[in-house]
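Participant:
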Amino acid sequence: MTSFDTSPQLNVWRALLALAVVFVMLATTGWTALRNQRGPTALEASVTAWENGRIDGRRLPDAQASPARLARFFASLTEWQRTSLARRYSLAVGNMNGAPVELRYLANRAALRKARAVERLRMHDKRLSLSGQREAGRRAHQYEALLNHDRRILAFDPAGSGKVAEVFGDLGRAERVSVVVPGVDTELLTFQRTHRRYSAPVGMAESLYAAERAASPGTSTAVIAWADYTSPNGLGMEAATAIRAEHGAARLNALLRALPGRAPVSLFCHSYGSVVCGVAADALPRRVTDIAVAGSPGMRVEKAAQLHTSARVWAMRDADDWIQDVPYLEVGGLGHGADPVSAGFGARVLSARGAQGHSGYFVPGTESLRNFAQIGVGAYPTVACAGENDTCRADLSATAAA
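So that you can map any letter, position 384 of the sequence shown is 384 in full-length UniProt numbering, and since no number is skipped, the others follow by simple counting.
1) For the alpha helix (DSSP H) containing serine 207, name the first residue and the last one.
2) Just the C-alpha distance for asparagine 52 and methionine 96, rounded to the nearest angstrom, thanks.
3) Going by Cα to Cα distance, which pick from Arg348, Ala347 and Gly365 is closest to alanine 355?
4) I'd like the list of long-range same chain contacts for isoleucine 375, defined as Cβ closer than 6 Å, with 5 residues on each side in sequence excluded.
5) Whole angstroms is fine: what's the gap from tryptophan 226's alpha carbon to asparagine 108's?
6) Taking phenylalanine 73 as part of the alpha helix (DSSP H), name the residues at either end of that continuous run.
7) Check asparagine 108 in the structure and name its three-state DSSP category.
8) When DSSP labels each residue in this structure, what does glutamate 166 get in the three-state scheme?
9) Just tell me which of Ala63, Thr391, Phe362 and Gly332 has its CA closest to the CA of valine 181.
10) Beta-carbon within less than 6 Å of arginine 262's beta-carbon, same chain only, minus the 5 sequence neighbours each way: which residues are those?
11) Tell me which residues share the same chain as glycine 273 and place their Cβ nearer than 7 Å to its Cβ, disregarding the 5 neighbours each side in the sequence.
12) What residue does the alpha helix (DSSP H) around tryptophan 50 start on, and which one ends it?
13) Given this structure, state the Cα-to-Cα distance separating residue 403 from leucine 91, to the nearest angstrom.
14) If you measure between the beta carbons of alanine 294 and histidine 270, is that distance less than 7 Å?
15) Could you tell me the distance, in whole angstroms, from the CA atom of arginine 197 to the CA atom of glycine 203?
16) Taking all protein chains shown into account, do 16 or more other C-beta atoms lie within 10 angstroms of the C-beta of serine 46, making it buried, or fewer, making it exposed?
17) Comparing C-alpha positions only, which one of Pro232, Ala205, Thr230 and Ser231 sits nearest to threonine 221?
18) Using C-beta distances below 7 Å, list every residue in its chain close to aspartate 170, excluding the 5 sequence neighbours before and after it, in chain order.
19) With distances taken from CA atoms, which of Leu121, Val179 and Thr230 is nearest alanine 159?
20) Helix, strand or coil for aspartate 282? Go by DSSP, reduced to three states.
21) For leucine 34, which residues from the same chain have a beta carbon less than 7 Å from its beta carbon, with the 5 sequence-adjacent residues on both sides left out?
22) Looking only at its own chain, which residues have a Cβ that is under 7 Å from the Cβ of tryptophan 322, when we skip the five neighbours before and after it?
23) Within the region 309 to 352, note down every full beta strand (DSSP E) run reaching 3 residues or more, in order along the chain.
24) Please look up how many angstroms separate the CB atoms of glycine 298 and aspartate 325, rounded, as I've assumed it's under 8 Å.
25) From Ala215, Ile224 and Ala136, pick the residue whose C-alpha is nearest to that of glycine 172; which is it?
26) Any chance the region 122 to 136 sits against the region 74 to 88, with 3 or more Cβ pairs inside 8 Å?
27) What residue does the beta strand (DSSP E) around alanine 294 start on, and which one ends it?
28) Please state whether DSSP places residue 457 in a helix, a strand or coil.
29) My guess is that leucine 256 and proline 217 are in contact by the Cβ rule of under 8 Å, so how many angstroms apart are they, rounded?
30) Can you list, in chain order, the residues of its chain with a C-beta nearer than 8 Å to that of serine 66? Leave out the 5 residues immediately preceding and following it.
31) Can you give the Cα-Cα distance for alanine 304 and glutamate 119, rounded to whole angstroms?
32) Using alpha carbons as the reference points, say which of Pro327, Thr309, Leu60 and Arg134 lies closest to residue 446.
33) If you run the structure through DSSP and keep just helix, strand and coil, what is phenylalanine 4?
34) Please classify glutamate 388: is it buried, with 16 or more other beta-carbons within 10 angstroms of its beta-carbon, or exposed?
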């Protein structure tokens, strides 16, 4: 007799359940909430100014040129010329894949100072509601924090809910690079938190960076907290589709192709961030050796092989993570496909012992963080698999990191 757990009737039931949830979402939130845009954003204006600009009579290259082309251009300039461009076109240079990372840090500091000044004025603008003035205050406070002298801001865009990426470690000299890709409700004001610190991108990246250094003190590592895409707001329609993930995947691949050096890169993708990584997978540069997902609603495929990537695919989920209750299917573009920790998916399933729910995978002392760190430094034979077997380490050796 066929078990109900594997029967076609169950799949139909799940599809109907998913559709029912969708119709409730539609009735309560509508298809989408679009914000009317009035004129170009500050970043768009900076890019336009760059494209019409010159340096000592020399035309500037297309801001969307290949990273290699832009790298050659900046290499041809004097230090004074590079610094001048970073200050004159701060947002454009600060977000320019191909610009030297140290120059991007400098440009983004200039952009943050300008953005802070704008928000300080808005805090006292009587044309704004009290709520608007308070939000301006929160943004000014966040910009102030990002301007701390030791912070390396790789990308910054104040438009809308905001985008930002930060580097921990020396990206230019790193022997291993890790990128943390977060999920829903990631924006400028949630980039870092005091409460539930390790559920925010900064806390995740700081924790991973410390764990990697502890795992391999002799390995130079860098970790990027990458919140440089517009994530879904809450668990509504946006989170049930891949629209945000498709835009995020394009931005993620653009960043990865512009990273300096040739160090291997590992992606650590949490929740909806794993949808972004799944969509990005088939276009990843070959230097990306690992994709590790945690608390995933799916990666938009039924099997890991369908990601069409040369990277190793790892997955973990804590036993108390509510994400296990979502319908793991895709119907008419809704839902994100198979469960990455299921046996049929084909990922290397890791232990997440100690993670405690959906947002605890990067908490110090957890086996989930330890596993991430071992992957990040290439110590594959030492990862802890889920369950009692060691199948997640099959066909791996101490030389796999090379």
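Yeah, the Cβ is synthetic: ideal placement off N, Cα and C, and Gly gets one too. Just so we're clear, the structure is a prediction, and the values are computed from it rather than from any experiment.
Facilitator: Put simply:
1) 201 to 215
2) 16 Å
3) Gly365
4) Ser266, Asp290 and Ala292
5) 15 Å
6) 67 to 75
7) helix
8) strand
9) Phe362
10) none
11) Val181, Pro182 and Gly183
12) 42 to 51
13) Any answer about residue 403 is impossible in this case: the structure gives the chain only from 1 up to 402.
14) yes
15) 5 Å
16) buried
17) Ala205
18) Ser220 and Ala222
19) Thr230
20) helix
21) Model confidence at leucine 34 stands at a pLDDT of 34, short of 50, so the residue's coordinates are unreliable; what they give is reported in the following sentence. Excluding residues within five positions, none has a Cβ falling inside 7 Å.
22) His358
23) 312 to 316
24) No, glycine 298 and aspartate 325 are not in contact; Cβ-Cβ is about 13 Å, not under 8 Å.
25) Ile224
26) no
27) 288 to 294
28) Here the chain has residues from 1 to 402 only, and residue 457 is not among them.
29) Not quite, the Cβ-Cβ distance comes to about 26 Å (not below 8 Å), so this is no contact.
30) Gly98
31) 45 Å
32) As shown, the chain starts at 1 and ends at 402. That puts residue 446 outside it, with no answer to give.
33) Caution is warranted here: a pLDDT of 30 is assigned to phenylalanine 4, below 50, making its placement in the model unreliable, and the coordinate value is therefore given only provisionally. If DSSP states are grouped into helix, strand and coil, phenylalanine 4 belongs with the helices.
34) exposed
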